[in-house]
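Data first, discussion second: the structure below is written as structure tokens.
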Amino acid sequence: MNQQDARRAVETAIGKVAPDVEPGDLDGAARLRQDLELDSLDFLRLVEVVAESTGVDIPEADYPAVATVDGLVAYVAGHG
Amino acid sequence: MPSLGADMEHGKVVEWLVKPGDYIHKGDIVAAVDTDKTVMDIESFEEGVVAEFLVDLGDTVDVGTPIARITATPAELPPTQPAPAQPPPATQPGAAGGLPGPGAKVPPPVRHLAHTLGVDVGRLSGSGPGGEVTRADVERAAPGSGTQVPPEQAGQPGEQAEAPRGPDEGRRVRSSPLARRRAAELGVDLSAVPGTGPGGAVTEDDVLSAVPPRGRPAREPGAEKPADAPPSVSRPTAPAQVTEPVRAPAPRQERPAAGGKAESLRQAIGALMSRSKKEIPHYYLATTLNLAAAMAWMQAVNQQRPVSSRLVPSALLLKATALAAKEVPDMNGFFTKGAFHPGSAVHLGVAVALRHGGLVAPALHDADTLTLDELMDQLRDLVGRARAGRLQRAEMADPTITVTNLGDLGVESVYGVIYPPQVAMVGFGKILEQPWAHNGMLGIRHAATATLSADHRASDGLRGGRFLARIDELLQTPEEL
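Protein sequences appear in the order of chains A and B. Counting from 1, one number per residue, gives the positions in the first sequence under the numbering used here. Counting from 81, one number per residue, gives the positions in the second sequence under the numbering used here.
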């Protein structure tokens with residue numbers, strides 16, 4: 001999956017999990033937990049939605065790598 | 081309008097989920113109600129046929145206001161003595177004189193009587209010749225008709241059809257069923273109340289005016305309390321416990337229209353927390369939980385699972401809290417009417433931060449009996465609905481102890497404010513890797529700070545400490561949670 005598709009999938013997934021996050025807040029460096037205020041349940045749901053839409057399953061051990069928007073995009077692009 | 085939480089004063093019906101003529105059972109969802117906090121589904125406390133709605137969609141009414149009338153079916157009415165010349169209950173709206181059932185003969189005078197008494201003759205089985213409905217049939221049905229949703233939360237069908245006072249009670253007092261019920265709730269002697277209803281009958285209004293005016297219990301808990309009285313003695317608060325009447329006798333006080341949900345939610349939280357801090361003598365404890373075993377176990381389990389069934393640490397913390405609350409009952413229950421009443425079940429409130437600010441703390445019912453997976457599923461469902469503003473009445477009214485898990489978003493410790501009438505609030509901080517000395521060696525382990533805010537009227541620090549210690553112990557064997 002290329003970077004653009006991955007970014008679109010990630011943004012769509014975040015929009016689904018946290019509908020109130022403005023697209024303008026989706027800065028690449030934004031941290032999902034601290035900046036977008038996703039709690040652990042939201043984060044789990046995000047991982048779930050990403051898996052459904054892209055087929056990329058992120059094991060728990062890799063969570064630190066996907067802590068930011070860019071990190072998640074890169075992960076999806078690299079594994080999809 | 082049922083109370084959907086200790087801090088709720090009024091609610092707005094935003095959706096009817098039944099329609100007049102529907103047959104409903106106790107527990108059926110009948111309407112969606114918008115409170116300051118969220119939209120909640122409310123259930124019927126009665127079984128019967130929906131006769132009519134008493135409030136319009138979009139109307140905001142006080143807690144205790146009847147919002148619909150449910151006609152009990154004749155089969156459910158307990159046998160009562162005929163109520164001679166029972167006057168029409170003054171507060172009953174309209175008449176429910178429906179069409180008689182097919183084939184049932186109803187002579188016009190009887191029909192008129194039924195109309196006056198608010199009895200639906202179509203639901204009566206006639207005992208007269210040829211199945212004809214007689215005056216006695218109608219009168220028998222009269223006292224129990226027109227039950228209202230939900231004048232009292234614990235109303236049993238049998239309680240409404242209170243038998244007329246026996247002839248040996250000296251002076252007979254004419255009164256409407258509603259008036260009798262209100263009198264019982266408020267401790268008013270009916271015989272001492274001058275009646276203004278038809279035939280001198282005592283109406284609900286008469287009962288209410290016999291009670292000295294007072295502030296609404298839930299809003300002004302200190303209204304009647306002399307300044308020097310011990311707070312635990314004359315605390316006339318009326319928290320949302322099923323056994324307590326929820327009707328508010330005070331005249332409705334208009335509140336200025338708040339600027340939207342977030343603001344009204346903020347006000348509601350502010351009012352409840354102020355009350356908590358004013359009334360509840362909090363004490364605070366903290367301990368560090370050793371989460372090495374719990375995190376290792378959870379990570380191993382999650383590795384084997386698809387993302388949809390993975391656990392989060394909160395699920396383990398909540399389960400351990402529920403089990404500890406079961407074992408240390410002084411933390412679990414309600415402080416009402418000047419005394420602590422331990423809960424018979426553990427309904428674990430979970431503080432959920434809402435995205436536009438504010439929070440709600442709905443219950444995971446019987447959390448101590450759920451498996452971790454069940455608890456996890458219910459937690460996800462509950463949080464999702466809380467955020468979507470779609471909770472049920474019981475979820476808001478039932479928590480017996482509440483957990484706040486702010487650590488999930490980064491803080492290391494959180495000392496919560498107890499939700500009255502509960503007596504304890506547990507806080508979990510962020511799970512961190514920490515240096516941990518053990519057997520003379522220094523290692524690194526996952527750990528978190530657990531705190532307890534508890535009510536000194538219900539327990540003391542020794543018991544609270546035991547409760548926190550139990551949570552830690554239970555987390556050392558996560559596979560048994």
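Just so you know, even glycine gets a beta-carbon here, dropped at the ideal spot from N, CA and C.
Burial state of residue i (16 or more Cβ within 10 Å)
{"i": "H90/B", "result": "buried"}
{"i": "A342/B", "result": "exposed"}
{"i": "T449/B", "result": "exposed"}
{"i": "S356/B", "result": "buried"}
{"i": "E22/A", "result": "exposed"}
{"i": "L522/B", "result": "exposed"}
{"i": "M29/A", "result": "In the sequence on display, residue 29/A carries Ala and not Met. Result: exposed."}
Proximity test, Cβ basis, 7 angstroms: residue i and chain A
{"i": "R385/B", "result": "no"}
{"i": "S394/B", "result": "yes"}
{"i": "R191/B", "result": "no"}
{"i": "L489/B", "result": "yes"}
{"i": "V80/B", "result": "Since the displayed chain B opens at 81 and closes at 561, residue 80/B lies outside it and no answer follows."}
{"i": "Q556/B", "result": "no"}
{"i": "R525/B", "result": "no"}
{"i": "S388/B", "result": "yes"}
{"i": "R435/B", "result": "yes"}
{"i": "R460/B", "result": "yes"}
Proximity to residue i [Cα-Cα], best of the options
{"i": "A9/A", "options": "A51/A, A61/A and T68/A", "result": "A51/A"}
{"i": "P100/B", "options": "I147/B, R215/B and T416/B", "result": "I147/B"}
{"i": "V630/B", "options": "N382/B, V463/B, A474/B and V113/B", "result": "No answer is possible for residue 630/B: the residues shown for chain B start at 81 and end at 561."}
{"i": "A477/B", "options": "A443/B, V494/B and V143/B", "result": "A443/B"}
{"i": "T151/B", "options": "I122/B, A517/B and H105/B", "result": "H105/B"}
{"i": "L562/B", "options": "R467/B, H518/B, E559/B and Y364/B", "result": "Residue numbering for chain B in the displayed model covers 81 to 561; residue 562/B lies beyond these limits and cannot be assessed."}
{"i": "D57/A", "options": "T12/A, G80/A and V69/A", "result": "G80/A"}
{"i": "M353/B", "options": "K117/B, Y499/B, R191/B and A419/B", "result": "Y499/B"}
{"i": "V141/B", "options": "M88/B, G107/B, R467/B and P188/B", "result": "M88/B"}
{"i": "A447/B", "options": "T401/B, G418/B and R435/B", "result": "T401/B"}
{"i": "M505/B", "options": "H436/B, H427/B and L471/B", "result": "H427/B"}
{"i": "L561/B", "options": "T482/B, T451/B, R470/B and R550/B", "result": "T451/B"}
{"i": "M375/B", "options": "E60/A, V47/A and R45/A", "result": "E60/A"}
Any C-beta of chain B under 7 angstroms from that of residue i
{"i": "A30/A", "result": "no"}
{"i": "A51/A", "result": "yes"}
{"i": "K41/A", "result": "Checking the displayed sequence, the identity of residue 41/A turns out to be Leu instead of Lys. So, interface residue."}
{"i": "E11/A", "result": "no"}
{"i": "D27/A", "result": "no"}
{"i": "V66/A", "result": "no"}
{"i": "E60/A", "result": "yes"}
{"i": "L72/A", "result": "no"}
{"i": "E48/A", "result": "yes"}
Neighbourhood of residue i by C-beta distance below 8 angstroms, restricted to the same chain and skipping five residues each side
{"i": "L371/B", "result": "P393, I511, R525, H526, A527, A528 and L555"}
{"i": "V110/B", "result": "W96, L97, V98, I104, I122, E123, S124, V130, A148 and V229"}
{"i": "D540/B", "result": "Y363"}
Cα-Cα separation, residue i to residue j
{"i": "G280/B", "j": "S424/B", "result": "45 angstroms"}
{"i": "Q4/A", "j": "L26/A", "result": "14 angstroms"}
{"i": "W377/B", "j": "V98/B", "result": "47 angstroms"}
{"i": "D535/B", "j": "A6/A", "result": "51 angstroms"}
{"i": "M81/B", "j": "E359/B", "result": "26 angstroms"}
{"i": "D42/A", "j": "A366/B", "result": "27 angstroms"}
{"i": "P189/B", "j": "S205/B", "result": "17 angstroms"}
{"i": "T484/B", "j": "V430/B", "result": "6 angstroms"}
{"i": "R260/B", "j": "A221/B", "result": "17 angstroms"}
{"i": "V119/B", "j": "K92/B", "result": "9 angstroms"}
{"i": "G55/A", "j": "R390/B", "result": "17 angstroms"}
{"i": "Q383/B", "j": "D20/A", "result": "31 angstroms"}
{"i": "E11/A", "j": "A395/B", "result": "27 angstroms"}
{"i": "S312/B", "j": "G24/A", "result": "For S312/B, the predicted structure reports a pLDDT of 35, less than 50, and the residue's modelled location is therefore unreliable. The matter cannot be settled from this model."}
{"i": "E492/B", "j": "F508/B", "result": "8 angstroms"}
{"i": "L32/A", "j": "P422/B", "result": "41 angstroms"}
Contacts around residue i, its chain only, beta-carbon distance under 6 angstroms, and the 5 residues preceding and following it disregarded
{"i": "Y103/B", "result": "V129"}
{"i": "G490/B", "result": "K510"}
{"i": "H362/B", "result": "S533"}
{"i": "L486/B", "result": "V494"}
{"i": "E132/B", "result": "P100 and R149"}
{"i": "A77/A", "result": "M1, Q3 and A6"}
{"i": "V440/B", "result": "K117, T118, V432 and A466"}
{"i": "Q458/B", "result": "L444"}
{"i": "L471/B", "result": "T118, M120, P442 and R465"}
Residues near residue i in its chain [Cβ-Cβ closer than 7 angstroms; skip 5 each side]
{"i": "G464/B", "result": "none"}
{"i": "F415/B", "result": "P501, V503, D535, R537 and A538"}
{"i": "V49/A", "result": "A13, K16 and V17"}
{"i": "A65/A", "result": "G71 and Y75"}
{"i": "V273/B", "result": "V282, D286, V287 and A290"}
{"i": "P515/B", "result": "L522 and I524"}
{"i": "P164/B", "result": "Model confidence at P164/B stands at a pLDDT of 45, short of 50, so the residue's coordinates are unreliable and nothing is read from them."}
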